[in-house]
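Below is one structure, written out as structure tokens; comments come after it.
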């Protein structure tokens, strides 16, 4: 069956450009989300930075003592991890409501590529992530880190995080639209993952206790490493992390895009 | 040109939306939850609308009129059959929905423009005209959650009519707004209709249909009951609906 013509982007520009147009739509909506988030509170944009920073300070003080690690290296480590983790959670949670929140658009205005709606959430979360990273860099410098050309290795790393965000937000969006109370299970899973991933503790701790497989098979660990190594040590991350990340992205993005394609005619009935 | 070939649209039954409902369904072994509640909104619709045609759709509430428009513009895909539309297409449905409540009027113009397929440059170009047409003035700087129903309609109407499509689908959009705006809206709509090659209009007002259309379709419980010259169809429908 041929694809029906649709009002809106597809009709005006053809299918390929409709996908490019979806980026404009997503960015417009993301911009509104950011404006709302950062102008409706007194501290505004500072919140994005302050909340992981406070978390890092508290956890750092306590765990730093427990693990007997120096705050000077531990605090930037924590802060960076928590900032990346916040992006991960925003993508999952934002993605979960991405189609539901767009019901009025999907049912009443026009059909645009579904990707636009999770992408909106990812774009907003990514801007917040970039702001957070500015603060992370500041903290690194305060604690005696020196600017290094190796920091640039973080750029492909962040690109990978962005793609990762698109994949998980889309998957979360489809799953949660299909089954509304999946979000509770999702919340538990996120919590479990938080403790299984070396975020609040050094990864060496897992290795020391014979839990190496928890690292090897955890895609988040590899995703963390490809930003951590450049920013904290000014080095190129070991190649194995890139391999793991690329494999993860191929699988997740493949699933997400195939899924969006598969539900493009059905999703409207789930709303 | 619009062509519908044996179009049937069945809305899936209300699905198990929660895990509990789904488990209950499993316990009933078939896994389904009230499967008999699937609604067939359109049945075997065959239709050819050539360029230049002006078509009115009439029928009782729930006959499938709006659904038919939504199938034509691709919001719903038919369960069976196929839809072909040639040309640039635009549809005006309920104008008061689909807003970003916390955002300003300006930002909602931008958002809706993009959703309707205008490029960012086109929107910038037409922004002033659209804003002027709404007559909302300073209210455009306020979040739209402060708007009244009539203001939503003005905003939605102004953006949705900023394009001139080949195929125009209208769903009784002019029902709201004050008198003065209605007049203005009618004029703008008439312009748009003049420029469009095809018009498909859903209305309960037989006068409007007579005025704007040459051909009428009578939908009854999802079926195309009659298709012909506007006067004949309206006459038959009036006799039926009494």
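Residue numbers (my numbering), protein chains in the order written: chain B, 1 to 271; chain U, 272 to 513. Built from N, CA and C at the ideal position, the CB exists for glycine as well.
Beta-carbon neighbours of residue i, restricted to chain B and to distances below 8 Å
i	result
residue 289 of chain U	179, 180, 181
residue 374 of chain U	32, 35, 36
residue 282 of chain U	269
Helix, strand or coil at residue i [DSSP, three-state]
i	result
residue 344 of chain U	coil
residue 305 of chain U	Residue confidence for residue 305 of chain U is low, a pLDDT of 48 falling below 50, so the modelled location carries little weight; the figure read from the coordinates is stated next. If DSSP states are grouped into helix, strand and coil, residue 305 of chain U belongs with coil.
residue 497 of chain U	strand
residue 155 of chain B	helix
residue 403 of chain U	helix
residue 353 of chain U	strand
residue 414 of chain U	strand
residue 54 of chain B	helix
residue 234 of chain B	coil
residue 210 of chain B	coil
residue 217 of chain B	coil
residue 45 of chain B	coil
residue 290 of chain U	helix
residue 278 of chain U	strand
residue 279 of chain B	Since the first residue of chain B shown is 1 and the last is 271, residue 279 of chain B is not available in this structure.
residue 362 of chain U	strand
residue 271 of chain B	coil
residue 312 of chain U	strand
residue 69 of chain B	coil
Residue from the options with nearest C-alpha to residue i
i	options	result
residue 511 of chain U	U/463, U/292, U/330, U/326	U/330
residue 414 of chain U	U/466, U/378, U/395, U/386	U/378
residue 121 of chain B	B/173, B/156, B/67	B/173
residue 81 of chain B	B/109, B/140, B/95	B/140
residue 476 of chain U	U/327, U/362, U/421	U/327
residue 334 of chain U	U/437, U/348, U/491, U/508	U/491
residue 344 of chain U	U/469, U/479, U/481, U/392	U/469
residue 514 of chain U	U/283, U/451, U/418, U/433	Nothing about residue 514 of chain U can be reported from this structure: the residues present for chain U run from 272 to 513 only.
residue 216 of chain B	B/58, B/245, B/230	B/245
residue 19 of chain B	U/407, U/427, U/388, U/513	U/388
Listed by chain order, chain B residues near residue i by CB distance under 7 Å
i	result
residue 401 of chain U	By Cβ distance, chain B contributes nothing, its closest Cβ being about 15 Å from residue 401 of chain U, past 7 Å.
residue 385 of chain U	24, 25, 28
residue 381 of chain U	28
residue 391 of chain U	24
residue 516 of chain U	Past the boundaries of the shown model lies residue 516 of chain U; chain U is included only from 272 to 513, so the question cannot be answered.
Nearest-angstrom Cα separation, counted from residue j out to residue i
i	j	result
residue 218 of chain B	residue 46 of chain B	31 Å
residue 398 of chain U	residue 424 of chain U	17 Å
residue 53 of chain B	residue 133 of chain B	11 Å
residue 116 of chain B	residue 69 of chain B	44 Å
residue 316 of chain U	residue 487 of chain U	14 Å
residue 506 of chain U	residue 412 of chain U	49 Å
residue 305 of chain U	residue 28 of chain B	Reliability fails at residue 305 of chain U, whose pLDDT of 48 lies under 50, so the model's placement of it is uncertain and the value that follows must be treated cautiously. Roughly 40 Å between the two C-alpha positions.
residue 508 of chain U	residue 489 of chain U	7 Å
residue 193 of chain B	residue 77 of chain B	18 Å
residue 436 of chain U	residue 235 of chain B	56 Å
residue 370 of chain U	residue 261 of chain B	26 Å
residue 135 of chain B	residue 49 of chain B	6 Å
residue 272 of chain U	residue 354 of chain U	11 Å
residue 493 of chain U	residue 310 of chain U	10 Å
residue 482 of chain U	residue 419 of chain U	30 Å
residue 164 of chain B	residue 252 of chain B	8 Å
residue 268 of chain B	residue 290 of chain U	20 Å
Interface partners of residue i on chain U, CB under 8 Å
i	result
residue 276 of chain B	Lying outside 1 to 271, the shown extent of chain B, residue 276 of chain B is not represented and no answer is given.
residue 104 of chain B	368, 369, 370
residue 111 of chain B	344, 345, 346
Whole-number beta carbon distance between residue j and residue i, since they are thought to touch under 8 Å
i	j	result
residue 336 of chain U	residue 504 of chain U	Contact flag wrong, Cβ pair sits at about 13 Å.
residue 313 of chain U	residue 342 of chain U	7 Å
residue 340 of chain U	residue 471 of chain U	7 Å
residue 221 of chain B	residue 198 of chain B	6 Å
residue 429 of chain U	residue 404 of chain U	4 Å
residue 119 of chain B	residue 259 of chain B	Contact flag wrong, Cβ pair sits at about 14 Å.
residue 43 of chain B	residue 83 of chain B	Contact flag wrong, Cβ pair sits at about 17 Å.
Per-residue contacts from residue i into chain U (C-beta, under 7 Å)
i	result
residue 107 of chain B	346
Within chain B, the residues that residue i reaches when beta carbons sit closer than 9 Å
i	result
residue 462 of chain U	None at all; the shortest Cβ gap to chain B is about 19 Å.
residue 333 of chain U	Near residue 333 of chain U there are no residues of chain B at all, since even the closest Cβ is about 17 Å away, more than 9 Å.
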